[in-house]
Amino acid sequence: MTNTTTADLLNPLAKIKPYAEADRARNEFHPQFTFWNIDTQFDFMRKGNELGIPNEYAGKLVVEGAYTIEPKLEQLTKLAARRNIQVINTADWHRADSAELAKNPDFVNTYPEHCMMLTKGAEYVPATKPEFPMYIDWQEDRTAFLGDGLQRAKNIVLLKDKFDVFAGNKYADQVACAVMTQPNPDGVGTTNKRAVVYGVATNVCVDYAVMGLRERGYNVTVPTDAIKHLPHLEATPTLNLQAILTKWQNAGVALTTTSGIEALLKEN
Ligand SMILES: [Zn+2]
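Numbered according to our numbering, the sequence shown spans residues 1 to 268.
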């Protein structure tokens with residue numbers, strides 16, 4: 001500032017200062033990690049009697065034993081808050097006419113009603129409930145408003161109408177691109193962050209998120225004690241748990257535990 005001249009003060013570039021401030025705000029998020037919390041909603045997580053809570057809501061499409069990973073999910077949510085890690089939360093958000101729903105479902109391509117929009121079943125369980133999130137609804141047309149918000153929102157909720165977040169919300173690619181890259185300190189180019197993916201169900205929506213991120217060139221780590229699979233798909237050779245984990249490893253996905261993520265973050 002000591003060499004500021006009148007010419008500098010009149011420089012039209014000075015007018016872009018507010019954007020530079022926005023960039024700095026963005027850079028305050030953890031530069032190396034983004035967390036992806038997949039579908040940890042009441043309809044998938046809670047039968048309604050696991051935790052001894054009277055009159056608790058009974059989930060419509062519960063992943064057997066999903067409640068047992070909630071302590072790990074809570075650990076990850078707190079870790080993200082503590083280390084200022086941006087969290088992308090995906091959520092099934094269905095209407096009665098959703099293609100995924102059927103009266104006589106085959107439990108592979110179609111399922112009974114679950115996570116209907118604006119219902120209790122579509123809410124996140126307390127372990128992952130995002131604070132002050134920016135919601136991006138698959139039904140909205142709000143492209144013009146996304147840019148700035150994506151750089152500022154600590155929690156983003158992607159509401160989707162399909163198993164695959166990248167197919168079920170037309171803004172998912174834009175969001176992934178915005179949250180998974182970090183501008184380099186020298187201002188030239190960007191570096192990709194690493195996605196830590198957890199939630200339910202391992203062999204459906206988590207699989208789509210993991211493989212979708214890999215296909216887009218992002219590094220992915222999965223804490224395997226913070227995911228839960230649908231056991232009825234174990235009979236399907238490509239969808240059983242071991243087949244999914246092997247596929248991920250062959251695709252370059254790193255597998256660890258929630259404690260492993262904690263340790264990784266201590267080093268970075
Ligand atoms: Zn669904």
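Where is the CB? At the ideal position from N, CA and C, for every residue including glycine.
As the structure is a computational prediction, the values presented were derived from the model and not from experiment.
Out of T202, N240, H232, V175, the CA that lies nearest to the CA of I88 is found in V175. In this structure R46 is buried. Its beta-carbon is surrounded by 16 or more other beta-carbon atoms within 10 angstroms.
Between the C-alpha atoms of K170 and P71 there is a straight-line separation of about 32 Å. The alpha carbon of Q32 has as its nearest neighbour, out of T221, T257, A235, R194, the alpha carbon of R194. Counting every other CB atom within 10 Å of its CB across the protein chains shown gives K103 a total below 16, marking it as exposed. Look at V253 here: in three-state DSSP terms it is coil, with no helix or strand label. By the Cβ criterion, the segment 138-152 is not in contact with the segment 56-69, since fewer than three pairs of Cβ atoms, one from each stretch, lie closer than 8 Å.
Take the alpha-carbon of E267 and the one of T190: they are about 21 Å apart.
When the beta-carbon positions are compared, V253 and W36 stay at least 8 Å from each other. Under the three-pair Cβ rule at 8 Å, the segment 118-138 counts as touching the segment 37-57.
Annotated three-state conformation of A209 is helix, per DSSP. Around the beta carbon of G212, a 10 Å sphere encloses 16 or more other beta carbons of the protein chains shown; the residue is thus reported as buried.
Selection T236, E262, S259 evaluated against F107 yields T236 as nearest (Cα-Cα).
When rounded, the separation of the alpha-carbon atoms in N192 and T181 is 4 Å.
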